[in-house]
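Remarks on the structure that follows.
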Amino acid sequence: MTSTHSGELASQYAQLVKQEDDYVDQLVTCNKLILDAMDIIAKRAGVLHMDTVKQAAYHLHAMEQDLNRKLFEVRLEKSILAHHMSQST
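So the sequence shown is numbered by this note's numbering: it starts at 78 and just counts up by one.
Given below as structure tokens:
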């Protein structure tokens with residue numbers, strides 16, 4: 078394998094690491110928002126419109142699931158790429 082190809086693989090891997098870090102940061106934020114929302118619901122449910130509250134909570138949960146799927150995909154690609162990189166040395 079050429080050094081150019083190895084360099085391309087390393088660049089792709091670095092990009093995947095950056096994407097992974099970004100998704101992890103987004104998930105941390107999303108989880109904080111979910112916990113904050115649950116706390117607000119527990120404290121103020123009596124004065125909130127519950128259908129709206131439930132809809133907002135489900136949107137946050139759907140966002141969390143989407144981010145977890147994206148994180149899984151990046152980690153899978155990273156693993157496959159790591160295998161290709163190990164074969165090129």
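C-beta: ideal position from N, C-alpha, C; glycine also.
Backbone CA spacing between residue i and residue j [nearest angstrom]
i, j, result
"Lys131", "Asn108", "16 Å"
"Ser163", "Gly123", "58 Å"
"Leu110", "Leu153", "27 Å"
"Ala87", "Asp116", "43 Å"
"Gly84", "Gln96", "18 Å"
"Leu104", "Ser165", "33 Å"
"Thr106", "His82", "36 Å"
"Gln142", "Ala133", "14 Å"
"Met78", "Gln89", "Residue confidence is low: Met78 scores 49 on pLDDT, short of 50, so the model does not pin down where it sits. No coordinate-derived value is stated."
Neighbour-count burial assignment, residue i, 16 or more Cβ in a 10 Å radius
i, result
"Val151", "buried"
"Leu112", "exposed"
"Leu93", "buried"
Limits of the unbroken alpha helix (DSSP H) element including residue i
i, result
"Ala122", "Unbroken run through Ala122: none, as it is neither H nor E."
"His138", "127-164"
Anticipated Cβ contact below 8 Å, residue i with residue j, distance rounded
i, j, result
"Leu137", "Ala114", "6 Å"
> For the region 134-151 against the region 86-101, are there 3 or more C-beta pairs whose distance is under 8 Å?
Replying inline: yes
>> Does the structure place the region 157-166 close enough to the region 115-135 that three or more beta carbon pairs sit under 8 Å?
In response: no
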